[in-house]
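Residue numbers (the working numbering): 183 to 474.
Where is the CB? At the ideal position from N, CA and C, for every residue including glycine.
Keep in mind that this is a model prediction, so the values were computed, not measured.
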């Protein structure tokens with residue numbers, strides 16, 4: 183066995199792994215140095231909602247027909263936790279001007295929301311979440327942009343906010359719930375502009391000494407993936423690149439000096455997955471003995 187890594191390859195069906203994650207989240211994922219297992223287990227299960235509408239441009243007073251899919255962000259499979267999706271229509275000041283509830287049947291929900299005929303011409307957002315998602319930051323909600331035109335108002339006086347397309351917020355999703363030093367970590371992330379709309383972004387990951395560790399990018403969906411072996415000390419940063427210049431800097435989640443990471447790899451030619459578990463030298467708690 184390597185002194186640095188403790189790798190165990192398990193051939194299991196994905197459904198079995200999901201069951202273990204839901205039943206024992208606090209024991210499967212790396213814990214913080216403070217050992218706050220209850221909070222870590224709660225955070226390791228997260229939902230996401232993807233929303234589509236029948237079109238992108240509406241007249242004030244029309245109905246918006248939509249469909250939403252709810253899934254587990256860890257397994258990327260349908261979530262069985264929530265049964266109701268909450269939809270709010272937000273104006274340019276993030277004020278809700280209409281709200282609706284959608285019943286989730288299986289993994290999806292269909293419904294409609296009426297646009298008030300008093301709406302001004304402009305850009306609006308359909309913010310969708312589940313009751314579980316309300317425990318976390320509203321930045322993790324699903325935001326669908328729509329344009330509303332009110333022909334009964336003086337359109338010449340209406341100014342629609344410019345969409346600059348620059349990254350204003352970056353949210354990170356470490357594969358195992360947190361970053362662990364001395365091990366290759368995989369993390370997803372999403373880039374949003376000031377209106378919380380996904381935008382394409384290019385950048386680099388640096389340490390406190392401004393040394394570049396890797397390059398990162400997203401497509402127009404705003405989503406990206408990075409692999410990094412973080413150092414044991416110091417903070418990490420994502421620095422955007424705008425043209426030939428560096429732009430904004432975003433702090434990555436803290437790195438734990440003790441723990442292990444879990445990743446799933448699809449087995450070639452088989453309808454099975456390989457479960458890879460890697461631990462660093464600082465992790466000596468009971469889960470290591472259990473997996474030996």
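Residue 278 carries a strand assignment under DSSP once its states are collapsed to helix, strand and coil. Residue range 427-433 is occupied by the beta strand (DSSP E) that includes residue 431.
For residue 435, same chain residues with a beta-carbon under 8 angstroms away, outside a window of 5 residues either side, are 354, 356, 360, 361 in chain order.
In this structure, residue 291 sits near residue 267, with a CB-CB distance shorter than 9 angstroms. Contact check between the region 363-375 and the region 278-289: fewer than three CB pairs, one atom from each, fall below 8 angstroms, which does not count as touching.
By the neighbour-count criterion, in which 16 or more other beta carbons inside 10 Å mark a residue as buried, residue 230 falls on the buried side. With contacts defined as CB atoms closer than 9 angstroms, residue 269 and residue 241 fail to qualify as a contacting pair.
With the rule of 3 Cβ pairs closer than 8 angstroms, the region 395-412 does not count as touching the region 316-328.
Residue 249 and residue 234 have their C-alpha atoms spaced approximately 5 angstroms apart. Inside the region 300-387, DSSP marks no whole alpha helix (DSSP H) run of 4 or more residues.
Taking the C-beta atoms as reference points, residue 306 is found nearer than 9 angstroms to residue 273. Residue 308 and residue 330 do not touch by the CB rule: their CB atoms are close to 11 angstroms apart, not below 8 angstroms. Apart from the 5 residues on each side of it in sequence, residue 247 sits with its Cβ closer than 6 angstroms to the Cβ of 236, 294 in its chain, given in chain order. Residue 228 is not a Cβ neighbour of residue 252, given a cutoff of 9 angstroms. Going by C-alpha positions, residue 245 is about 22 angstroms away from residue 312. In this structure, the beta-carbon distance from residue 419 to residue 400 does not fall below 9 angstroms. DSSP places residue 440 outside both helix and strand once states are collapsed to three, so it counts as coil. For residue 417, the closest C-alpha among the options 397, 423, 439, 402 is that of 439. Residue 457 counts as buried, since no fewer than 16 other beta carbons sit within 10 angstroms of its beta carbon. Boundaries of the beta strand (DSSP E) harbouring residue 424: 419-424, taken from the DSSP string. In the three-state scheme derived from DSSP, where H, G and I count as helix and E and B as strand, residue 406 is classed as strand.
Exclusion of the five residues before and after residue 383 leaves 349, 373, 399, 400, 422 as the residues of its chain whose Cβ lies within less than 7 angstroms of its Cβ. Apart from the 5 residues on each side of it in sequence, residue 424 has no Cβ closer than 6 angstroms to any other Cβ in its chain.
DSSP links residue 462 through a beta bridge to no other residue. Assignment of residue 262 by DSSP, reduced to helix, strand and coil, places it in the coil class. For the pair residue 333 and residue 239, the Cα-to-Cα distance works out to about 13 angstroms.
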